[in-house]
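First residue of the sequence shown: 139, per the working numbering; consecutive thereafter.
Everything below concerns the one structure shown next.
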Amino acid sequence: MTTESQTIDGFHLLIDALKLNNIDTLFGLPGIPITDLTRMAQAEGMRVISFRHEQHAGNAAAAAGYLTQKPGICLTVSAPGFLNGLTALANATVNCFPMILISGSSEREIVDLQQGDYEEMDQLAIAKPLCKAAYRVLHAEDIGVGIARCIRAALSGRPGGVYLDLPAKLFAQTMDAAAGKASLIKVVDPAPRQIPASDSVDRALALLKGARRPLILLGKGAAYAQADADIRALVEKTGIPYLPMSMAKGLLPDTHPLSASAARSYVLAQADVVMLIGARLNWLLSHGKGKTWGAPAAKQFIQIDIAPTEIDSNVAIAAPLIGDIGSCVAALLTGIGPNWAKAPADWIGAITERKDKNLSKMAETLAKNPSPMNFHSALGAIREVVKANPSAMLVNEGANTLDFTRSIVDMYEPRKRLDVGTWGIMGIGMGYAVAAAVVTGKPVIAIEGDSAFGFSGMEVETICRYNLPVCVVVFNNNGVYRGTDVNGSGGADVAPTVFVKGARYDKMMEAFGGVGVHATTPAELSVALNEALRSGKPTLINAVIDETAGTESGRITMLNPQTAANKK
Ligand code: ADP
Numbered sequence: 139m140t141t142e143s144q145t146i147d148g149f150h151l152l153i154d155a156l157k158l159n160n161i162d163t164l165f166g167l168p169g170i171p172i173t174d175l176t177r178m179a180q181a182e183g184m185r186v187i188s189f190r191h192e193q194h195a196g197n198a199a200a201a202a203g204y205l206t207q208k209p210g211i212c213l214t215v216s217a218p219g220f221l222n223g224l225t226a227l228a229n230a231t232v233n234c235f236p237m238i239l240i241s242g243s244s245e246r247e248i249v250d251l252q253q254g255d256y257e258e259m260d261q262l263a264i265a266k267p268l269c270k271a272a273y274r275v276l277h278a279e280d281i282g283v284g285i286a287r288c289i290r291a292a293l294s295g296r297p298g299g300v301y302l303d304l305p306a307k308l309f310a311q312t313m314d315a316a317a318g319k320a321s322l323i324k325v326v327d328p329a330p331r332q333i334p335a336s337d338s339v340d341r342a343l344a345l346l347k348g349a350r351r352p353l354i355l356l357g358k359g360a361a362y363a364q365a366d367a368d369i370r371a372l373v374e375k376t377g378i379p380y381l382p383m384s385m386a387k388g389l390l391p392d393t394h395p396l397s398a399s400a401a402r403s404y405v406l407a408q409a410d411v412v413m414l415i416g417a418r419l420n421w422l423l424s425h426g427k428g429k430t431w432g433a434p435a436a437k438q439f440i441q442i443d444i445a446p447t448e449i450d451s452n453v454a455i456a457a458p459l460i461g462d463i464g465s466c467v468a469a470l471l472t473g474i475g476p477n478w479a480k481a482p483a484d485w486i487g488a489i490t491e492r493k494d495k496n497l498s499k500m501a502e503t504l505a506k507n508p509s510p511m512n513f514h515s516a517l518g519a520i521r522e523v524v525k526a527n528p529s530a531m532l533v534n535e536g537a538n539t540l541d542f543t544r545s546i547v548d549m550y551e552p553r554k555r556l557d558v559g560t561w562g563i564m565g566i567g568m569g570y571a572v573a574a575a576v577v578t579g580k581p582v583i584a585i586e587g588d589s590a591f592g593f594s595g596m597e598v599e600t601i602c603r604y605n606l607p608v609c610v611v612v613f614n615n616n617g618v619y620r621g622t623d624v625n626g627s628g629g630a631d632v633a634p635t636v637f638v639k640g641a642r643y644d645k646m647m648e649a650f651g652g653v654g655v656h657a658t659t660p661a662e663l664s665v666a667l668n669e670a671l672r673s674g675k676p677t678l679i680n681a682v683i684d685e686t687a688g689t690e691s692g693r694i695t696m697l698n699p700q701t702a703a704n705k706k
């Protein structure tokens with residue numbers, strides 16, 4: 139006879155399956171049917187971080203996945219909670235971040251006959267086109283397999299988001315404890331190395347060897363791969379200048395002599411051979427063509443990627459190198475050997491000349507101290523604090539706040555910068571900040587446009603509740619892009635892009651016991667940020683920026699239909 143102590147239920151099988159695979163943290167939002175799961179997971183020693191909205195829990199899971207190479211887990215309730223988490227799941231997939239969205243759902247029998255259950259929805263069908271893989275488990279004995287399939291799907295090949303549908307009834311199902319334990323799977327080698335074919339390595343090396351103006355482009359795939367030392371060796375041994383995409387900043391320090399960031403337009407237009415390492419030729423790189431890239435005939439691409447279908451997505455790739463970045467870079471290093479001729483001196487000289495000119499222009503701008511503060515003077519202060527605290531995590535979103543921070547604030551270490559990524563999505567701020575603090579234990583600086591902050595602002599309560607070392611800096615210029623737009627009709631409503639003037643975002647952090655600071659000068663901003671890093675207390679600095687500062691849509695004004703039409 140089976141006594142109660144010899145049985146195990148679905149709740150505990152799920153927790154054990156995750157723990158068996160070294161997953162120790164859940165990001166989520168409790169409610170029917172997963173409230174007990176969050177309690178039991180906590181009781182079983184897992185870290186459970188509860189949010190105020192599922193989108194931010196999902197974003198936290200995605201960022202955790204990117205930073206750790208373990209799938210981040212987001213737990214939600216059915217229908218509306220699931221849908222709230224779905225934006226984050228889709229965003230994770232687009233960005234190639236491994237995460238698993240686990241949602242409770244209502245009963246299949248009722249959903250499939252559309253009989254109107256509590257929060258009824260065919261969640262699996264809805265999730266499928268928005269993620270890399272989607273599964274449902276109906277029987278307790280399949281939980282182990284379900285989790286194993288999710289982990290493999292999230293991590294292997296090109297990483298991405300996975301959905302797991304768990305109907306409420308599953309959690310209470312019981313089975314024999316020994317059989318339950320035996321049904322769990324510890325996933326062996328979830329992201330197998332993919333060694334590049336030797337002829338593809340030779341092809342890439344031949345192209346590099348003949349290059350007169352070579353360039354390396356590092357993307358967030360390269361940062362994710364954690365092949366930091368080999369990537370640095372590849373740059374330094376070949377002497378090839380490199381450009382980091384925004385989340386690859388710090389993979390090599392932005393102050394590295396071979397960084398071409400300060401001569402970006404020049405190198406993109408002039409390079410004859412461009413080696414992409416974990417970066418896609420999408421809109422962020424003008425699809426590899428057009429004015430940005432200069433004469434097409436004079437340019438050839440080498441692309442290192444784990445996804446063969448990425449090759450030729452926008453322009454012809456002369457030398458595809460398919461494999462995991464670690465293995466591909468290692469293979470190139472072997473081929474390069476000690477006698478490799480470094481990139482031509484005239485190319486490096488021309489880049490250095492432009493860099494020096496642009497950097498001294500930038501230094502002049504940053505040294506100005508206008509009143510009220512503008513983006514440059516505020517970021518000039520933050521830049522120095524980051525320089526003195528290179529291991530702090532930096533989260534960044536907004537339009538102008540994003541563009542200016544990316545170009546002004548240097549990064550010094552790999553995977554310290556999290557931002558709006560492939561979609562240019564707003565709303566990742568507090569979710570990413572929480573994950574960054576939880577998984578790295580390092581202080582986090584979140585540089586937020588006032589509009590961007592609004593999407594996830596309520597999570598300052600989460601930051602205070604878990605007492606996380608997060609300092610949010612809100613660049614407050616009274617509106618989306620800026621605060622000076624007027625209502626075209628002359629009516630009483632403010633323009634669609636204008637917020638309450640003189641808002642005190644700092645009071646939001648104070649409301650939950652954190653520290654709020656109102657800063658109107660770079661000096662005040664610098665003091666407050668240093669103090670936040672020193673104390674580790676949740677802090678929000680309301681940085682007052684000139685409300686006339688800021689361009690419509692920052693640097694992507696051209697994507698507004700009206701602007702694009704006028705230009706034609
Ligand atoms: P960015 O936005 O920084 O340019 P993308 O997200 O566009 O970067 O590109 C990342 C690329 O890296 C994707 O095409 C993805 O397939 C690839 N990638 C991710 N992880 C690895 C890995 N471990 N090895 C090889 N390629 C990878």
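Virtual Cβ for every residue (Gly too), placed ideally from N, Cα, C.
Just so we're clear, the structure is a prediction, and the values are computed from it rather than from any experiment.
Within the present structure, is the beta-carbon of residue i separated from the nearest heavy atom of the ligand ADP by less than 7 Å?
i	result
Ile463	yes
Glu448	yes
Tyr570	no
Leu268	no
Arg555	no
Leu459	no
Pro510	no
Pro552	no
Ala278	no
Leu389	no
Tyr380	no
Leu422	yes
Ala469	no
Gly416	yes
Gly357	yes
Cys234	yes
Can you give the beta carbon distance from residue i to residue j, rounded, assuming they're within the 8 Å contact cut?
i	j	result
Gly621	Val636	6 Å
Gly461	Gln332	4 Å
Leu497	Ala386	Rounded, the Cβ-Cβ distance is 20 Å, inconsistent with contact.
Gly388	Arg555	6 Å
Gln441	Pro458	6 Å
Met647	Arg190	With a Cβ gap of about 14 Å, Met647 and Arg190 do not count as contacting.
Ala445	Arg290	Not really, about 16 Å apart at Cβ, beyond 8 Å.
Thr689	Tyr619	7 Å
Leu663	Ile520	7 Å
Asn197	Gly569	3 Å
Val339	Ala469	5 Å
Taking the alpha carbon of residue i as the reference point, which residue from the options has its own alpha carbon closest?
i	options	result
Leu667	Ala271, Ala516, Trp561, Phe542	Ala516
Thr472	Ser336, Pro634, Gly169	Ser336
Leu372	Met696, Ala407, Leu414	Leu414
Lys675	Ile601, Tyr643, Asn625	Ile601
Met564	Asn534, Pro581, Ala575, Val576	Asn534
Ala767	Val577, Pro607, Arg603, Ala401	Limits of the chain in this structure are 139 at one end and 706 at the other, which puts residue 767 out of reach.
Lys324	Cys288, Met313, Gln311	Cys288
Val215	Phe165, Ala657, Thr376	Phe165
Ile566	Gly242, Asn233, Gly688	Asn233
Met417	Ala361, Gly432, Ser397, Ala407	The question names Met, yet the displayed sequence has Ala at residue 417. Comparing Cα positions, the closest option is Ala361.
Lys319	Asp154, Ala575, Arg693	Asp154
Leu293	Gly628, Pro382, Ala200	Ala200
Gly617	Ser545, Gly487, Asp684	Asp684
Tyr256	Asn605, Leu345, Ser244, Ile474	Ser244
His394	Gly377, Asp410, Ala407	Gly377
Met259	Gly242, Lys270, Ala272	Gly242
Asn452	Trp485, Arg274, Asn420	Asn420
Gly428	Ala342, Pro382, Ala481, Ala407	Ala407
Met178	Asp162, Val682, His150, Ala202	His150
Who does residue i pair with in a DSSP beta bridge?
i	result
Tyr273	Leu302
Gly242	Leu304
Cys609	Ile583, Thr677
Gly710	The structure shown does not extend to residue 710, since the chain is modelled only from 139 through 706, so no value can be given for it.
Arg351	BP columns for Arg351 are empty, so no partner.
Val186	Leu164
Leu459	Ile442
Gly148	DSSP, once it has assigned bridges, lists no residue as partnering Gly148.
Whole alpha helix (DSSP H) elements within the stretch 628-699, 4-residue minimum: 644-649, 660-673
Those runs of the alpha helix (DSSP H) which lie wholly inside the stretch 516-588 and span at least 4 residues: 538-546, 567-578
4 or more residues per run - each alpha helix (DSSP H) lying fully within the stretch 394-448: 402-408
4-residue-minimum alpha helix (DSSP H) runs that sit fully inside the stretch 304-376, ordered along the chain: 306-310, 315-321, 336-347, 358-362, 366-376
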